[in-house]
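Q: Residue numbering for the sequence shown follows our numbering, starting at 1 and increasing by one per position.
What follows is a structure written as structure tokens; I'll ask about it next.
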Amino acid sequence: MNPNHIAAYSALQQAHAAMQRGEKQPARAYAVQAAQLAPDLEDVWLMMAALAAPRASVAYLKKALEINPESERARQGMQWAIKRLRAQPARKPIFPPETVRVSQSVLPTAAAPQRNASRAPYGLLLLVALCAVIGFSALYSISPALATFGKAVSLPQSGAAWAPVNLIKPTASPSQTPTATFTPTSTPMLTP
Numbered sequence: 001m002n003p004n005h006i007a008a009y010s011a012l013q014q015a016h017a018a019m020q021r022g023e024k025q026p027a028r029a030y031a032v033q034a035a036q037l038a039p040d041l042e043d044v045w046l047m048m049a050a051l052a053a054p055r056a057s058v059a060y061l062k063k064a065l066e067i068n069p070e071s072e073r074a075r076q077g078m079q080w081a082i083k084r085l086r087a088q089p090a091r092k093p094i095f096p097p098e099t100v101r102v103s104q105s106v107l108p109t110a111a112a113p114q115r116n117a118s119r120a121p122y123g124l125l126l127l128v129a130l131c132a133v134i135g136f137s138a139l140y141s142i143s144p145a146l147a148t149f150g151k152a153v154s155l156p157q158s159g160a161a162w163a164p165v166n167l168i169k170p171t172a173s174p175s176q177t178p179t180a181t182f183t184p185t186s187t188p189m190l191t192p
């Protein structure tokens, strides 16, 4: 037997034990681990179907039937999942009915004028932005703090943007560096 299959069966046992204790999240984690280890095992997909929502259960059981088309457990599981799916309340439509009617009409009729609701948020945003600009410019002309900020950032209207400045520069002064001079000295030596 494949080492991945052994590990997958171990994970399935842990998933079954967690499911018996009513711990659905750990059971699901063990089942996912088993599916990653051995996606070719029918038991993995049966466990995934037992832990999933009705639609997902049907998909997992289809996978189990692809692996073993003669599986009686997978067939019974499919009947169980289909009953659960039919017992679920109908889903709400994603799009409201008005959107569906508008998308189905090809040409607008002259008798029924269409309201363009999609442009309303853009107009509102434009109005808010315009009010913000007007309000900021009013504050800019009234508040000294904002006026100072504007002068610091903007360039002068006339004249050069620079001015000559006389700076005192340090001068280089001669330094006292010691110089080495060679003076011979006599060293007494013994001669035989």
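Just so you know, even glycine gets a beta-carbon here, dropped at the ideal spot from N, CA and C.
Do Ala8 and Ala34 have their beta-carbon atoms positioned less than 8 Å apart in this structure?
A: yes
Q: Are the CB atoms of Leu46 and Ala11 within a distance shorter than 8 Å?
A: no
Q: Mind reading off the beta-carbon distance from Ala49 to Ala18? Whole number of angstroms is fine, and I expect it under 8 Å.
A: The pair is not a contact, with the Cβ atoms about 16 Å apart (cut-off 8 Å).
Q: Do you know how far the Cα of Leu190 is from the Cα of Thr183?
A: 22 Å
Q: What are the start and end residues of the alpha helix (DSSP H) that includes Leu190?
A: Careful: Leu190 lies outside any alpha helix (DSSP H) and carries neither H nor E.
Q: Restricting to Cα atoms, I'd like to know which of Pro39, Leu130 and Ser71 is closest to His5.
A: Pro39
Q: Starting from Gln88 and walking both ways along the alpha helix (DSSP H), at which residues does that stretch end?
A: Per DSSP, Gln88 belongs to no alpha helix (DSSP H) and is neither H nor E.
Q: Assuming Val44 contacts Leu85 (C-beta within less than 8 Å), just tell me the rounded distance between them.
A: Not quite, the Cβ-Cβ distance comes to about 21 Å (not below 8 Å), so this is no contact.
Q: If you reduce the DSSP assignment to three classes, tell me which class Lys83 lands in.
A: helix
Q: Identify the continuous alpha helix (DSSP H) that holds Asp43 and give its terminal residues.
A: Glu42 to Leu51
Q: What are the boundary residues of the alpha helix (DSSP H) that includes Pro69?
A: Unbroken run through Pro69: none, as it is neither H nor E.
Q: What's the C-alpha gap between Ala132 and Val165?
A: If you draw a straight line from the Cα of Ala132 to the Cα of Val165, it is about 41 Å long.
Q: Tell me the rounded alpha-carbon separation between Gln79 and Val32.
A: 23 Å
Q: By the three-class DSSP mapping on this structure, what secondary structure does Ile6 have?
A: Residue state, collapsed to three classes: helix.
Q: Considering only residues of the same chain and omitting the five flanking positions on each side of Arg21, which have a CB-CB separation below 6 Å?
A: none
Q: Report the three-state DSSP secondary structure of Val128 (helix, strand or coil).
A: helix
Q: For a test of the three-state rule: what should DSSP assign to Gln36, helix, strand or coil?
A: helix
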